[in-house]
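Below is one structure, written out as structure tokens, with a few remarks after it.
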Amino acid sequence: MEIKRRNFLKGLAGAGAGVAAAPLISGTALARESKKLQEDHVGMLYDNTRCVGCKSCEVACKRANNLPVELDASGIYDAPRDLSEKTMNIIKMYKDEEGQAYVKRQCMHCVDPSCVSGCPVSALNKEPNGIVTWDPDACCGCRYCQMNCPFNIPKFQYNDFYGRIVKCEMCINTNLPKQGQPACTEACPNDAVIFGKVTSLLDEAKRRIKQSPHIYVNQVYGEKEGGGTSVIYLSKVPFEKLGLPNLPDHSQASVSESIQHSLYQGLIAPIVIYAGLAAIAFKNRSGDKEE
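The structure is reproduced here in structure tokens:
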């Protein structure tokens with residue numbers, strides 16, 4: 000029996016509307032409350048007024064995590080241009096006619112991470128100390144973490160048959176247990192990036208702004224953005240100029256999880272979809288009989 004295209008599309012639209020209404024039918028809110036920063040969560044404070052762009056943190060990160068070099072055009076120097084499967088920590092520079100400023104980029108270790116929420120096999124996990132880790136034995140290579148991350152951090156080894164996800168894990172298995180801090184913070188000669196409990200780092204960041212308001216943008220980036228991050232920033236230029244996204248105060252995971260759970264609560268979505276498909280078939284069959 001031939002299904003007429005117009006009737007099929009009408010039916011699909013009706014089924015789609017039913018699915019969209021499912022969260023309302025279930026009476027579930029469209030966003031759960033974002034997970035909160037815990038007292039024992041550790042992280043980093045990066046202050047670009049103290050960064051001189053020496054890239055000592057990059058070198059230390061690669062050494063601690065056994066990462067390969069990324070040669071520049073000369074084939075002599077290790078000079079990555081951005082985060083990649085070979086580089087999980089990088090210093091980048093913003094420059095205009097008024098001056099320049101640096102920014103350190105690595106995994107933000109979100110308080111309520113979207114990469115963890117989107118991973119279907121729990122390969123990414125938020126540890127009790129707040130560090131977001133990746134388990135190679137659990138990973139299926141789907142790369143949903145890449146699509147979910149609002150900071151575009153996780154990278155994948157496409158050139159390796161057994162490709163891995165590459166991102167900062169705050170040296171949780173390398174420098175942290177040996178030296179008590181990540182390699183990048185240990186190597187920084189000017190304390191541009193420091194390690195500690197996030198609550199203490201937030202206090203320190205606010206103290207610096209209060210002490211020198213003429214130097215800093217009056218904002219601690221990461222205190223609220225995306226539900227909060229364990230890597231926070233102070234800057235002398237607006238954060239959007241450094242490539243840091245303007246995010247809402249709630250986490251992306253808090254919205255996506257609520258919608259998914261609402262759709263599938265009590266199998267509402269599958270029931271609505273199958274009911275819609277049944278209605279399409281019945282309507283087309285009735286139309287054929289009339290003709």
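According to numbering that gives the first Met the number 0, the sequence shown is numbered sequentially starting from 0. Glycine included, every Cβ here is placed at the ideal spot set by N, Cα and C.
Non-local beta-carbon contacts of T198 in its own chain, meaning distances under 8 Å to residues more than five positions away in sequence, involve L36, E38 and H40 in chain order. Checking the DSSP bridge columns, you'll see D95 partnered with G98. Close CB contacts of I130 within its chain, under the 8 Å cut and outside five residues either way in sequence, are with V41, H108, E168, M169, I171 and S229 (chain order).
Comparing C-alpha distances from S83 to each of V115, S73, K61 and S255 shows the shortest one belongs to K61.
For I279, the three-state secondary structure derived from DSSP is helix. Under DSSP, N124 forms a beta bridge with T132. For the set I193, E239 and L201, the Cα lying nearest the Cα of T184 is the one of I193. Between Y143 and C118 a beta carbon distance of about 6 Å is seen, short of the 8 Å cut, so the two are scored as contacting. Under the DSSP definition of a beta bridge, M43 partners with F194 and V230. Between I231 and V216, the gap from beta carbon to beta carbon reaches 8 Å or more. By the beta-carbon neighbour count (other beta carbons within 10 angstroms, threshold 16), R31 is buried. The three-state secondary structure of T173, taken from DSSP, is coil.
DSSP, reduced to helix, strand and coil, places I214 outside both helices and strands of the structure shown, so it counts as coil.
Straight-line spacing of the CA atoms in L233 and A277 works out to 57 Å.
Boundaries of the alpha helix (DSSP H) around A186: A182 to A186. The closest CA to that of P237, considering only M43, A137, Y93 and D202, is found on Y93.
Distances from the CA of S33 to each of L200, D46 and G225 were compared; the closest alpha carbon is that of G225.
Taking all protein chains shown into account, R104 has 16 or more neighbouring C-beta atoms within 10 Å of its C-beta and is therefore buried.
Per DSSP, reduced to three states, the secondary structure at R206 is helical. Burial state of E239 is exposed, judged by a 10 Å Cβ sphere holding fewer than 16 other Cβ atoms.
Rounded to whole angstroms, the gap between the alpha carbons of W133 and T86 is 16 Å. The Cβ atoms of C148 and I90 lie no closer than 8 Å to each other. Short of 6 Å from the beta carbon of L66, and not among the five residues preceding or following it, lie these beta carbons of its own chain, in chain order: K85. Closest option to G179, judged by alpha-carbon separation, among L246, C187 and G195: G195. A63 is not a Cβ neighbour of E69, given a cutoff of 8 Å.
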